[in-house]
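Note sheet for the following structure.
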Amino acid sequence: MVHRVAVLEDDLCHSDKCGLECIKDCPVNINGEECIILGEDKLAKISESLCIGCGICVKVCPFDAITILNLGEELTKDKVHQYGMNTFRLYRLPVPRKGQVVGLVGRNGIGKSTALQILSGQLIPNLGDYEKEATWEKFLDYLSGRELKDHFKKVAQGDIRVSLKPQAVYKLPEVWKKDVRSLLRKVDETGGFEAVVRDLGLGESLDKLLPELSGGELQRVAVAVAALKDADIYLFDEPSSFNDVYQRLAVSRLIRSIAAKGRYVLLVEHDMTFLDYASDYVQIIYGEPGAYGVVSALYPSRTGINALLEGMLPQENIRFRDRAVTFEVTTSVESQESTEVVASYTDIEKSFPGFRLKAHGGELTRGLVLGIIGANALGKTTFLKVLAGQEKPDRGSVDIGAKIAYKPQYLKADYAGTVQEFFTERVGKGFDEPNLQASLATPLRIEKLLARNMSELSGGELQKVAIVSTFAQEADLYALDEPSAFVDVEDRFVIAKAIGRLVKAVGKSAMVIDHDIQLLDLVSDRMLVFTGKPGIDGEATSPLGKEDGMNLFLKEVGLTYRRDINSGRPRVNKPDGKLDREQKQKGQYYYVSKNVPLEPAEE
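By the count of this note's numbering, the sequence shown reaches residue 1451 at its end, each step adding exactly one.
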């Protein structure tokens, strides 16, 4: 039996600007019943029990405000929460494990934050009965015989201590405007102040006021606040954002140390390397963003991440994506690469007060994607700006025989109009180019954003618009600074694969700065590695082969990678494990050559 889900996005429904096509063209309405009506709030109301799933209302709505989906009837008994009529609903919940880190992964708008709110007791689940007041008693009856009942019994009685690191860390300065030291001292219930400050590299941030912190500092302060509380369960919502690879590893080690003390830890994360390194188990939340989310069974981290890449859940026998994400075990860029140079540069130097950048010379050829990696504050963005002509080098020269389209690291919604108007004015017909639509715009669901004002977009939505508008421009070289920021794991896969296709299909070139190693592995043909002292001096190599570049960078970080025997994806070896020691002894920090055997998992 089919269970119908009808979802209306309130901010997209503009009944005063349309002809009420959804109401007039609905076959059920035409036959005399009221499947779709206009509510008192001037928004469409759709009866899921009367809906026949024809999809006509979806097609005729000029603002793409309606989603109609069919779900299996078996899910109806697992509905945990629904916010209201024609709104998002969540099925099933994550299952914490004592002394283990459980990772949650899925698209934005799929219910991860809702699940954390329920687990922490901030939201009482209504089991889909949104017209009545939700109570813990009713929910505990629903959980009879289930593993989570003991947890929620303690939550309902106030007997469980919860520490939540929220996603929106930018709100922290709104509630605490004093210095970092006073905040951490205030929340420290474990006596771990010195250790946490040291482990997260916050020593130089202690005397800064919170509104003065960078995004990475603010993120690590939020992690520190959560870690210093004496709690039974710790919930970390996207703790890697804004941080470089070194800082992400520091955060992951701290999270694992909390679990090692016998505490429950849940981690929401989009960076697969970070998730793989930090988690013991993984649960995937799949469904339709903004419409519904379903929490999968509990998988060991390797199995869960491979299932995510495959788009198939083995225990449930459910496919949630029509194609798998694949990794090349070897690169053949050297044999495919064009000899036509798009840009070249000599040794470059660029100085600012207190900071100096030096980059060794190199060139970019057509069909090449150059991945750029290194710690924060080493001059990666400055280097990109020099090549893009936005900054002049103090020494050396840049020869650009091409037009550059540049996506900056920090985005501002400074356009007073809709996304559609932005595309029309800024890139014109380039947005409608079929290859761009098929590779990027459609998979990223840009059509859902067209009627929205730019000022209303979230960080992830703004990022996707910026990436699409960059590739919609007429250019020979595309420079993208941190395209993964605020973007969920599924869209990172889309972006990585699309960059390669768009660049190689039409003989363009691209440079991509990012801290997501998995994304750079997917997208890069060659690598540029930055080393040095953050905020003081940075040095960039010449472009290296991907294997050499990754090997150099991972040696700096102190990590070794193996190839997963099933998916071919790079996996972090356990620190000081057998494979880690063997690879470090051989100087093989990163496997990409087909001549190197795939190693079994270290579970």
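From the three backbone atoms N, C-alpha and C, an ideal C-beta is built for every residue, glycine too.
Residue i, DSSP secondary structure in three states
| i | result |
| --- | --- |
| S1127 | coil |
| G1141 | strand |
| L1146 | coil |
| D859 | helix |
| I878 | helix |
| A1191 | strand |
| Q1268 | helix |
| G1456 | Given that the chain is displayed from residue 849 to residue 1451, the structure contains no residue 1456 and the question cannot be resolved. |
| S1183 | Low confidence applies to S1183: its pLDDT is 41, below 50, so where it sits in the model is not reliable enough to give any reading. |
| S897 | coil |
| H1487 | Absent from the structure is residue 1487, since the part of the chain shown begins at 849 and ends at 1451. |
| D1339 | helix |
| V1173 | coil |
| V1275 | coil |
| T915 | strand |
| P910 | coil |
| Y1439 | coil |
| A854 | strand |
| N1301 | strand |
| L1368 | helix |
| D864 | helix |
| E1295 | helix |
| L891 | coil |
| F1168 | coil |
| F1378 | strand |
| I958 | coil |
Nearest residue (CA-CA) to residue i, options the options
| i | options | result |
| --- | --- | --- |
| Y1018 | E869, V928 and S1089 | S1089 |
| L1114 | M1120, T1121 and D1128 | D1128 |
| G947 | S1245, K1352, S1105 and I1221 | S1105 |
| V1354 | E1322, D1369, T1379 and I916 | E1322 |
| K1002 | L967, Y1140, S1053 and G1159 | L967 |
| Q1238 | A1223, V1313 and P1256 | P1256 |
| G1210 | E979, S1100, A1223 and T1194 | T1194 |
| E1037 | A1072, A892 and V950 | A1072 |
| L952 | V1130, N974 and G932 | V1130 |
| H851 | K1034, G880, L923 and R1274 | L923 |
| R1150 | E1304, D1124 and G1276 | D1124 |
| S1245 | N934, A1261, F1401 and I1196 | I1196 |
| W1024 | L991, G1006, V1069 and G993 | V1069 |
| L1376 | I1384, A1223, K1251 and K1432 | A1223 |
| T1389 | M1160, K1352, I1220 and K865 | I1220 |
| G887 | V1028, K872, V1093 and S863 | S863 |
| I1365 | N1091, I972, G880 and F1200 | N1091 |
| V1267 | V1234, D1247, K1251 and A1314 | A1314 |
| L1367 | L1402, D858, L1297 and P1331 | P1331 |
| S1306 | K1260, L1350 and F1341 | K1260 |
Assumed close pair residue i, residue j - CB separation to whole angstroms, cut-off 8 Å
| i | j | result |
| --- | --- | --- |
| P1014 | L1218 | That belief does not hold up - the Cβ atoms of P1014 and L1218 are roughly 35 Å apart, past 8 Å. |
| T1229 | K1198 | That pair is no contact at about 11 Å. |
| L819 | A1289 | Since the displayed the chain opens at 849 and closes at 1451, residue 819 lies outside it and no answer follows. |
| L1325 | A1207 | Actually they are not in contact, since the Cβ atoms of L1325 and A1207 sit about 16 Å apart, beyond 8 Å. |
| L1292 | K1312 | 5 Å |
| L964 | D1085 | 6 Å |
| S1287 | A1333 | That belief does not hold up - the Cβ atoms of S1287 and A1333 are roughly 20 Å apart, past 8 Å. |
| L1453 | N934 | This structure cannot settle anything about residue 1453, because the visible part of the chain is limited to 849 through 1451. |
| L1226 | G1380 | 5 Å |
| A1004 | W984 | 4 Å |
Chain B contact for residue i (CB, 9 Å cutoff)
| i | result |
| --- | --- |
| K1077 | The chain labelled as chain B is not found in the depicted structure, where only one protein chain is given. |
Same chain only: Cβ atoms within 6 Å of residue i, ignoring 5 sequence neighbours per side
| i | result |
| --- | --- |
| L1271 | What sits at residue 1271 in the sequence shown is Phe, not Leu. Closer than 6 Å at Cβ, skipping near neighbours: F1279. |
| I836 | This structure cannot speak to residue 836, because the chain is shown only from 849 to 1451. |
| R955 | P1137, D1336 and E1338 |
| S895 | C883 |
| S1011 | A1074, K1077, A1079 and Y1082 |
| A1253 | T1318, Q1321, A1323 and Y1326 |
| G1308 | N956, F1334 and V1335 |
| G1386 | L1205, L1226, G1227, F1378 and G1380 |
| T962 | L938 |
Proximal residues to residue i (C-beta, below 7 Å), its chain only, five neighbours per side dropped
| i | result |
| --- | --- |
| K1434 | none |
| L1157 | A1172, V1173, S1415 and R1417 |
| C870 | I884, A892, C905, V908, C909 and I914 |
| R1274 | S1317 |
| F1122 | S1088, R1096 and S1100 |
| E979 | none |
Same chain only: Cβ atoms within 8 Å of residue i, ignoring 5 sequence neighbours per side
| i | result |
| --- | --- |
| K997 | L988 and L991 |
| E881 | L898 |
Only counting runs of 3 or more residues, tell me where the beta strand (DSSP E) segments fall wholly within the region 1209-1243, in order along the chain.
1210-1213 and 1217-1221
Please list the segments of the beta strand (DSSP E) lying wholly inside the region 1036-1109, counting only runs of 3 or more residues, in order along the chain.
1081-1085
Whole beta strand (DSSP E) runs in the region 966-1038 with 3 or more residues, listed along the chain?
1010-1013
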